[in-house]
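Trainee:
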Amino acid sequence: MQQPSLRRPAPPRLTRLRPALMAGLLGCALAGCASAPTQPLHQQLGGVQGIDAIARGMLQRMSTDPRTRRTFDGINLKTLGNNLAAHLCQVADGPCVYEGETMAKSHADLNLGGSEFDATVQFLRDELDAAGVSTAAKNELLRRLAPMRRDIVQPGR
Ligand code: HEM
Numbered sequence: 006m007q008q009p010s011l012r013r014p015a016p017p018r019l020t021r022l023r024p025a026l027m028a029g030l031l032g033c034a035l036a037g038c039a040s041a042p043t044q045p046l047h048q049q050l051g052g053v054q055g056i057d058a059i060a061r062g063m064l065q066r067m068s069t070d071p072r073t074r075r076t077f078d079g080i081n082l083k084t085l086g087n088n089l090a091a092h093l094c095q096v097a098d099g100p101c102v103y104e105g106e107t108m109a110k111s112h113a114d115l116n117l118g119g120s121e122f123d124a125t126v127q128f129l130r131d132e133l134d135a136a137g138v139s140t141a142a143k144n145e146l147l148r149r150l151a152p153m154r155r156d157i158v159q160p161g162r
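Under the working numbering, the first residue of the sequence shown carries the number 6, and numbering increases by one thereafter.
#1: Out of Ala136, Ser120, Pro152, which one is the CA nearest neighbour of Gly161?
#2: Could you check the C-alpha separation between Gly62 and Gln49 for me, to the nearest Å?
#3: For Tyr103 and Gly52, I'd like the C-alpha separation in whole angstroms.
#4: Heavy atom of the ligand HEM less than 7 angstroms from the Cβ of Ile80, yes or no?
#5: May I have the straight-line CA-CA distance separating Leu30 from Pro42, to the nearest angstrom?
#6: As a quick exercise: from Gly99, Ala141, Leu146, Leu93, pick the residue whose alpha carbon is nearest that of Leu64.
#7: Under a Cβ-count criterion, where at least 16 other Cβ atoms within 10 Å of its own Cβ denotes burial, should Gln80 be classed as buried or exposed?
#8: Answer with buried or exposed for Leu46, where buried requires no fewer than 16 other C-beta atoms within 10 angstroms of its C-beta.
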C-alpha cells in the first residue's frame, strides 16, 4: 500500500510569484514605470533650430496672407522672427531667453481681431505639421499659447 506523502504541496504559482511582483511594483513606484521617457517639449518641436524654422514659416504666412498681413507694414521681419522664435522656444521650456515685450504690450496698438488670431494659430498648426511634430506636442504647445489670446485680441473684436 502506498504511504501518504509527507511533503507539503507546492504553493500555487501566484503565491510563488508574489515577492517578485511586489518588488516590481515598488520599483515602479520609486523610479516610474514609463516605458520610454518623454522628451522635453522644445526637443519634440525640433530643438532651437526647428523652432526657429517654425517661427519664420509662421511669420512669413502672417505677413503675406490677406487675412493677417495688414499689421506688418514697416515691421522688420528678421528681428520679429528672432523674437517670435525666442518666445516660442521659451514657452516650450527651451534654452532661450525672450527679452521682448509682454504679449499685451506688443499687440496693444494693433487692434487685432479674433479671426486674425485664429488664422495665425492655423498657420502655426500647418508649420508644426510640415515639420513632422507629433499631435501630442502640437497640442501641448497650442495649449500653452491659448491663454495669450486674451492679451493679443482686443476686447469685442
Ligand atoms: C499666439 C499668437 C501670437 C504670438 C505668440 C505672438 C508673438 C509675438 C511676439 C513674441 C512678438 C514680439 C514682441 C517684441 O519683440 O516685443 C510679436 C509682435 C508682433 N505681433 Fe504677434 N503674436 C501672436 C499673434 C499675433 C497676431 C494674430 C498678429 C497679427 C495678425 C500679430 C502681429 C504682430 C506684429 C505686427 C508684431 C510687431 C509689433 C511691433 O513691433 O510693433 N501677432 N508677436
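Cβ atoms here follow ideal geometry from the backbone N, Cα and C, with glycine treated the same way. Bear in mind the structure is a predicted one, so any value in this text is a computation, not a measurement.
Mentor: Based on what the coordinates show:
#1: Out of Ala136, Ser120, Pro152, Ser120 has the C-alpha closest to the C-alpha of Gly161.
#2: Distance between Gly62 and Gln49, taken at the CA atoms: about 18 angstroms.
#3: Cα to Cα, Tyr103 sits roughly 15 angstroms from Gly52.
#4: Because some heavy atom of the ligand HEM lies under 7 angstroms away, the Cβ of Ile80 counts as near it: yes.
#5: The predicted model places Leu30 with a pLDDT of 44, which falls under 50 and marks its position as unreliable, so this point remains unresolved.
#6: Distance check between Leu64 and each of Gly99, Ala141, Leu146, Leu93 places Leu93 closest, using alpha-carbon atoms only.
#7: Position check: residue 80 holds Ile in this sequence, whereas Gln was assumed. The residue is exposed, with fewer than 16 neighbouring Cβ atoms inside 10 Å.
#8: It counts as buried.
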